[in-house]
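For the record, in the sequence shown the residue sitting at position 104 is 104 according to our numbering, with numbers rising by one throughout.
Idealized CB from N, CA, C, for every residue including glycine.
As the structure is a computational prediction, the values presented were derived from the model and not from experiment.
Encoded as structure tokens, the structure appears first; notes follow it.
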Amino acid sequence: MKNKAIELLGQSILPGESKTIDVEIAKLHTTTKLKIPIIIERSKIDGPIVLFSAGLHGDEINGTEIVRQLIIRKINKPKRGTVICIPIINIFGFVNQSRQFPDGRDLNRVFPGSKNGSLASRFAHFLVKEIIPIVDYAIDFHAGGASRFNASQIRIVPNDLELKELATIFNAPFTLYSKNIHGSFRNACTRLNVKMLLFEGGKSLDLNSEITRDGVEGSKRFLSHLDMLNPKKVANQNVQKTIYIEKSYWIRAHFSGMFIGLIKIGTFVKKGTILATISDPFGKTENKVKAPNDGYLINVNDAPIVYQGDAIFHISTQLETEN
1 MKNKAIELLG QSILPGESKT IDVEIAKLHT TTKLKIPIII ERSKIDGPIV
51 LFSAGLHGDE INGTEIVRQL IIRKINKPKR GTVICIPIIN IFGFVNQSRQ
101 FPDGRDLNRV FPGSKNGSLA SRFAHFLVKE IIPIVDYAID FHAGGASRFN
151 ASQIRIVPND LELKELATIF NAPFTLYSKN IHGSFRNACT RLNVKMLLFE
201 GGKSLDLNSE ITRDGVEGSK RFLSHLDMLN PKKVANQNVQ KTIYIEKSYW
251 IRAHFSGMFI GLIKIGTFVK KGTILATISD PFGKTENKVK APNDGYLINV
301 NDAPIVYQGD AIFHISTQLE TEN
């Protein structure tokens, strides 16, 4: 792209240019237009093209807040290269505060999509054909579904040294090894040789200042590593090193009832530690939930009521340092 215009959605973005492109994929059933802003900031100096995206699930608004912070604080104005921001991918779900597209499909399960498929499939096809081919690196921001609150974490596939280096640079409190899910945005990016970090933090329909801070500061470190961070911005390097988790699993409720969590997210617990209580509403029983092994709690269910079999804590079982 050296000294050349970037072509995106039929428009040219020249070196040193800022541009917002409003994309209309479909209208509401009321004929109301919904436009998705794509915000592009390009330096006069050649360099990588980085995508920051959020809102793939419309109810995961903390990711949208992270990308909004990158824009409003002008972190997206690069020293070199190009930064593309899409604060809300699933604008339909965002309007309805819903995870899915109006057709009931999960956008993150239909990639690479189809030009003539469902509404979600068509939008996935648009991203794969129009956006991803020009991108070198991407960070996609997510949150825990339903009432499940994720500790700030980066997820990467195993055995990819470059992704591991980038995850170490981003330096979220935790980094999890997880395989790509068929039909996911991350899987589509991998197939197109785009190096993507998937950020998880917080829960749906919620804003959390600590999660936002972790996402913003990690993004600054990421840009600094690529020599793209605006020199007026400073990345905080004085943080504890990310903890790599190789294996983890969900602790599930053995009883139904009122759920009260007792341990803060991100805490390392010893086997036998009381994590929560599950009680009936009539004062007859109170069941304790104990840690089945030593490990970090990387996801906690914030629901006040749980049913037998519900996932309530995600706990690590093997750290990379144990190898």
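Neighbourhood of residue 307 by C-beta, 6 Å cutoff - its chain only, sequence neighbours within 5 removed: 256
Once DSSP output is grouped into helix, strand and coil, what is the label at residue 12? strand
Can you tell which of 168, 162, 157, 184 has the C-alpha that lies nearest to the C-alpha of residue 177? 157
When DSSP labels each residue in this structure, what does residue 266 get in the three-state scheme? coil
Would you tell me roughly how many angstroms separate the C-alpha atoms of residue 228 and residue 51, rounded to the nearest one? 13 Å
Under 8 Å between the Cβ atoms of residue 328 and residue 83? Residue 328 lies beyond the residue range present for the chain, which begins at 1 and ends at 323; the question has no answer from this structure.
Going by DSSP, name the residue or residues bridged to residue 297. 315
Sequence-distant residues of its chain with Cβ nearer than 7 Å to residue 252 (five each side left out): 309, 310, 311, 312
Cα-Cα separation, residue 69 to residue 288: 40 Å
Do you know whose CA, among 180, 79, 189, 213, lies nearest residue 15's CA? 79
Which residue or residues does DSSP assign as beta-bridge partners of residue 148? 301
Runs of 3 residues minimum, wholly inside the segment 79-142: which ones carry the beta strand (DSSP E) assignment? 82-86
Take residue 243 as the anchor and find which of 131, 266, 219, 237 has the nearest alpha-carbon. 266
In chain order, what residues of the same chain have a beta carbon less than 6 Å from the beta carbon of residue 60, not counting five sequence neighbours either side? 142, 143, 204
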